[in-house]
Each structure stands twice: as C-alpha cells, then as structure tokens.
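Enquirer: Before we start, here is the structure in question, set down as structure tokens.
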Amino acid sequence: MIANYHTHTKWCRHAKGEAEDYIKEAIGLGLKEIAITDHVPHIDNSDPGRMMWEEFEAFNQKLDEAIEKYQDQITIYKGFECEYYPEALDFYKKCINNYGYEIMILGQHRCGKDRYYNAFSNMDETALKIYADTVCEGLKSGLFSFLAHPDVFLFSYPQWDKHAENALRQIYQTCEELKIPVEINGFGYYAGRPYPSTDALKISKEYQLTYMINTDAHRPELLYTEKTKELEQLIKDMGIEVLDYLPKERHITKAIR
Ligand SMILES: [Zn+2]
Ligand SMILES: [Zn+2]
Numbered sequence: 009m010i011a012n013y014h015t016h017t018k019w020c021r022h023a024k025g026e027a028e029d030y031i032k033e034a035i036g037l038g039l040k041e042i043a044i045t046d047h048v049p050h051i052d053n054s055d056p057g058r059m060m061w062e063e064f065e066a067f068n069q070k071l072d073e074a075i076e077k078y079q080d081q082i083t084i085y086k087g088f089e090c091e092y093y094p095e096a097l098d099f100y101k102k103c104i105n106n107y108g109y110e111i112m113i114l115g116q117h118r119c120g121k122d123r124y125y126n127a128f129s130n131m132d133e134t135a136l137k138i139y140a141d142t143v144c145e146g147l148k149s150g151l152f153s154f155l156a157h158p159d160v161f162l163f164s165y166p167q168w169d170k171h172a173e174n175a176l177r178q179i180y181q182t183c184e185e186l187k188i189p190v191e192i193n194g195f196g197y198y199a200g201r202p203y204p205s206t207d208a209l210k211i212s213k214e215y216q217l218t219y220m221i222n223t224d225a226h227r228p229e230l231l232y233t234e235k236t237k238e239l240e241q242l243i244k245d246m247g248i249e250v251l252d253y254l255p256k257e258r259h260i261t262k263a264i265r
C-alpha cells in the first residue's frame, strides 16, 4: 500500500487520534498519499458516532493546520465519508466548493424512511433493495470519488443469498457504468467482520471494475498493518488488481449540480 484514502479521527467519537497522528503514521510508513475522511457531520446530529455539526469549523481548522505542517513530507487530501442523504447534499457541495474537500467517499450505513435500516443492526430483504437503490442513486449524483465497503450490510444481514447477490450486482453494474472505484475494506478484514466478502468479490469479477484497498483506519496504528498485507495478498490471489492511487479524475474538486 502506497496510499490510503479512508481514514477517521477522534472527532467521530468512535475512533482515536487527530488527523496529525494519522499523517505522522503515514509518513513513518512511507506512504505517498493520505486522505483524511472522517464521517461527515449532519445538521440534525441524529446519526450516533459522528462529529457534531457545530464542531465542523474547529475540525476543519485543525485539519488545515496539520496539512500545512506536513505537506512537504506527504500529499494530504481533505475528504469525508458520506451517507447519501438528499437533504445533506448542499453541505457536501459546500465542503467541496468552499473548503477544498475532494475525496468524497460514499459509505452508506443507513437507509430507508427516517434512516430506519442500519447496516450494523437490522438488514433484511426489504432493506437490501432500498440499500442498493440508495447507493446507486448516490453514485449517480456525481458527488463521490469512490464507493466504500459495498458489502457492509453483511454485518447484520443473516447470510449470503440471492438477495445479497442481487443488491451487489445492481451496485457493481452502476460502478462499472460510471467508472467509480470500489473499495475493499481493510477495517472489516482487520476486525474479522463478514465484509469484505469473498462471495461478493467473486461475483464482482464479472464486472469491469476498478478496486482499491483502504484500511478505513479508526486508530493511527491501524493505518497499515500485517492484516492489511494479508488482505492485499488474498486479493492478489483472487486475481483482482487494485489501484495504487485514486485517479485524479475521481477527485471531486467542483460540485456543480
Ligand atoms: Zn467509523
Ligand atoms: Zn469509514
């Protein structure tokens, strides 16, 4: 791994370390690029485990200071991991256009009316269809650089079956059409979660996809571990090639729509 584009900070309340700690770790590891992409805040503060809406300016200032301090040693990008919530898009656009956030990750954890379904708690067949539709709509918005953990719903969905397969096929098809890279999630692998799923990866190979491995680090020392190397090898053994760097055309530098 030479670059990592999915990195959290303590501001989201379920990770440790400031942006600076991850940047220093990345420099020590010899990485060439890092994106700090914590979970985006929402005006209603209703998703648990997120920075507060009111904290954004302070977070952003601290991030800018860290970038200023280390920019000669490593390329650092600002970004966010985002849910596709239509009511939140204006803020995402503001982050892109006014604050220089350019690695915008679509990481859908919740979906449905009042965000009822949660990948970590209650996914069922009905939820899977809503999840896939929501992700695909998000991908089509043009606001996102790549798709994080498409198979995250397997955390709470009881088994690998044709519904899971259909949801992922719909998503992979859209990623293929829009040429949006698909993440293979290192945090799920590190934590022994049901994602990244080899069943999912096998069917994904039927599509013309680009992939990236990101560690989705929630602690600085997890930025690149032996487990990541194990995952890299496993993916290689499956005959899947991963991008070293996120292509420049996937950086979202201007949000027009
Ligand atoms: Zn997180
Ligand atoms: Zn994440």
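Take 9 as the starting number for the sequence shown in the working numbering and just add one per residue.
Yeah, the Cβ is synthetic: ideal placement off N, Cα and C, and Gly gets one too.
Note that the structure is a prediction, hence the values are computed from the model and not measured.
In the DSSP assignment, the alpha helix (DSSP H) including ALA85 goes from what residue to what residue?
Expert: This sequence places Tyr at residue 85; Ala is not what is there. Run containing TYR85: none in the alpha helix (DSSP H); it sits in the beta strand (DSSP E), 83 to 90.
Enquirer: Do you know offhand how far LYS256's Cα is from GLN241's?
Expert: 26 Å
Enquirer: Run through DSSP, which three-state label would LEU186 get?
Expert: Judged by DSSP in its simplified three-state form, LEU186 adopts helix.
Enquirer: Which of the three DSSP states, helix, strand or coil, is assigned to GLU191?
Expert: strand
Enquirer: Would you mind sorting PRO49 into buried or exposed? The rule is 16 or more other CB atoms within 10 Å of its CB.
Expert: By the neighbour-count rule (16 or more Cβ atoms within 10 Å), PRO49 is buried.
Enquirer: Could you pull out every unbroken beta strand (DSSP E) segment of at least 3 residues lying fully inside the stretch 171 to 256, listed in chain order?
Expert: 190 to 193, 219 to 222
Enquirer: Only counting the same chain, and skipping five residues up and downstream in sequence, which positions put a Cβ closer than 8 Å to that of GLU110?
Expert: TYR85, LYS86, GLY87, ILE104, SER153, HIS259, ILE260, THR261
Enquirer: For the alpha helix (DSSP H) that contains THR142, what are its first and last residues?
Expert: 133 to 148
Enquirer: Taking ALA102 as the reference, which of LEU151, LEU176, TRP168, GLU238 has the closest Cα?
Expert: A small correction: the amino acid at residue 102 is Lys; Ala does not occupy that position in the sequence shown. Ranking LEU151, LEU176, TRP168, GLU238 by Cα distance to LYS102 puts LEU151 first.
Enquirer: At what residues does the alpha helix (DSSP H) containing ILE104 begin and finish?
Expert: 97 to 107
Enquirer: I want to check one thing, is the minimum distance from the CB of ASP29 to the heavy atoms of ligand 2 below 7 Å?
Expert: no
Enquirer: Answer yes or no: do ASN222 and ASN12 have a C-beta to C-beta separation smaller than 8 Å?
Expert: yes
Enquirer: Along the alpha helix (DSSP H) that carries ILE31, what are the first and last residues, could you check?
Expert: 27 to 37
Enquirer: Answer with buried or exposed for ASP245, where buried requires no fewer than 16 other C-beta atoms within 10 angstroms of its C-beta.
Expert: By the neighbour-count criterion, in which a residue is buried when 16 or more other Cβ atoms sit within 10 angstroms of its Cβ, ASP245 is exposed.
Enquirer: Helix, strand or coil: how does DSSP classify ASP46 here?
Expert: strand
Enquirer: Where does the unbroken beta strand (DSSP E) through LEU114 begin, and where does it stop?
Expert: 111 to 114
Enquirer: Please confirm whether THR182 and LEU136 have their CB atoms less than 8 Å apart.
Expert: no
Enquirer: Distance check for ILE211 and LYS170, CA to CA, integer angstroms please.
Expert: Spanning the two alpha carbons is a distance of roughly 11 Å.
Enquirer: If we count the other Cβ atoms within 10 Å of its Cβ and call it buried at 16 or more, is THR15 buried or exposed?
Expert: buried
Enquirer: Please list, in chain order, all residues of the same chain as GLN81 whose beta carbon is under 8 Å from its beta carbon, the five residues on each side excluded.
Expert: Excluding the 5 residues flanking it on each side, GLN81 has same chain C-beta neighbours closer than 8 Å at ILE35, in chain order.
Enquirer: Looking only at C-alpha atoms, which of ALA172, ASN130, ARG177 sits nearest to VAL190?
Expert: Looking at the Cα atoms, ARG177 is the closest of the given residues.
Enquirer: Cα-Cα, which of TYR215, PHE161, PRO228, GLN216 is closest to GLY196?
Expert: PHE161
Enquirer: If the criterion is Cβ atoms closer than 8 Å, does the pair GLU33 and GLU229 meet it?
Expert: GLU33 is a Cβ neighbour of GLU229, given a cutoff of 8 Å.
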